[in-house]
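In what follows, a structure is listed as structure tokens, so that the remarks can point back to it.
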Amino acid sequence: MAVVAKGAEIFIREFFDQNPLSHIGLVTIKDGVSQCLTELGGSPDSQIKALMGKLECSGDASLQNSLELVHEYLSRIPSYGHREVLVLYSALNTCDPGDIMETVKKCKKDKIRCSVVGLAAEIFICKHLCEETGGSYTVALDESHFKELLLEHAPPPPAIAEYAAANLIKMGFPQRGAEGAISICSCHKEAKVGGGYTCPRCKARVCELPTECRLCGLTLVSSPHLARSYHHLFPVTPFNEVPQVLLNRMHQKPKTCYGCQQSIGSTGTKTSLHVSCPKCKQHFCLDCDIYIHESLHNCPGCESQRGLPT
1 MAVVAKGAEI FIREFFDQNP LSHIGLVTIK DGVSQCLTEL GGSPDSQIKA
51 LMGKLECSGD ASLQNSLELV HEYLSRIPSY GHREVLVLYS ALNTCDPGDI
101 METVKKCKKD KIRCSVVGLA AEIFICKHLC EETGGSYTVA LDESHFKELL
151 LEHAPPPPAI AEYAAANLIK MGFPQRGAEG AISICSCHKE AKVGGGYTCP
201 RCKARVCELP TECRLCGLTL VSSPHLARSY HHLFPVTPFN EVPQVLLNRM
251 HQKPKTCYGC QQSIGSTGTK TSLHVSCPKC KQHFCLDCDI YIHESLHNCP
301 GCESQRGLPT
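Its first residue numbered 1, the sequence shown is counted upward by one per residue in full-length UniProt numbering.
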């Protein structure tokens, strides 16, 4: 339980770092039933606090009951949202009250992507669930492997573009409250001093962002949240490897990487292989290629051409 809890904590923090506008809810599976530990929310600290306060395990596990409960919550998610379930499963069987295959079909129909990280041997029903819903099924070998498998689920899946329809969403950008002001928090329904954020529509106070206003239902976010989510919605186009024929021509005249300005294309060097952006046609070394797509999320060549006359 300590290993799973620590891994879950790392995953929750990494998930919100990668998906600042997304929400997480926790569900426990024990004693043949499934219970909602936390509602869907965007606060990593509240999710982790609730998890650490309920580190208990007993009885049989019912995968069907948990999927039915999760289906009830996720079926309310709007069409522009992505419905995803990550199950950390340590049992070697599932004790279900009905036909779990029908529940799997319901999840597949409503486009709920289910993935499982197993802590014991591989189980057929878990593998079947993941195959039917488009998720992934993996079994952890040790603690480090378990954390590695969890963190693979932190970035948003590429399938989101297939499921999500374009919609206009009303959002509010609340202002930070004064430190000495006293106001009633709509989240905890009690008076608090200083801090918090004020809903621009109904003037209600909330503690954390992103969230949904408890009074008027407006989605409340900050501009950094949108900025950090942008690169997932519009990723950098994959670069093309420069053909060998062009490399041979460039051997006569070495070219520099547009990113790090190091020489590329010279004969007999490890940096002779490189890539080019299909849009701006600038050349990059392999190290810059990895850095641009995994960390920077912007092509320097394309960005330098923005606003220039054509």
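Note that CB positions come from ideal geometry on N, CA and C, so glycine has one too.
What you are looking at is a predicted structure, and each value in this text was computed from that prediction instead of being measured.
| Check | Outcome |
| --- | --- |
| Selected residue, minimal CA-CA separation from residue 316, among 299, 107, 218 and 19 | The question about residue 316 has no answer here: the residues shown for the chain are numbered 1 through 310. |
| Exposure of residue 210, with buried meaning 16 or more beta-carbon neighbours within 10 Å | buried |
| As assigned by DSSP and simplified to three states, the class of residue 79 | coil |
| Inter-residue spacing [alpha-carbon to alpha-carbon] between residue 224 and residue 60 | 43 Å |
| Stretch-stretch touch, CB-based, cutoff 8 Å, three pairs: the segment 43-53 with the segment 73-86 | no |
| Inter-residue spacing [alpha-carbon to alpha-carbon] between residue 140 and residue 33 | 25 Å |
| Inter-residue spacing [alpha-carbon to alpha-carbon] between residue 133 and residue 194 | 46 Å |
| Within 9 Å, strictly: CB atoms of residue 62 and residue 94 | yes |
| 7 Å Cβ shell around residue 269 - same chain, five flanking residues per side excluded | Low confidence applies to residue 269: its pLDDT is 46, below 50, so where it sits in the model is not reliable enough to give any reading. |
| Backbone CA spacing between residue 230 and residue 185 [nearest angstrom] | 30 Å |
| Three-state secondary structure assigned by DSSP to residue 130 | helix |
| C-beta atoms of residue 85 and residue 74 nearer than 9 Å | yes |
| When 214, 303 and 288 are compared against residue 348, the one with the closest alpha-carbon | Residue 348 lies beyond the range of the chain shown here (1 to 310); nothing can be said about it. |
| Limits of the unbroken alpha helix (DSSP H) element including residue 68 | 63-74 |
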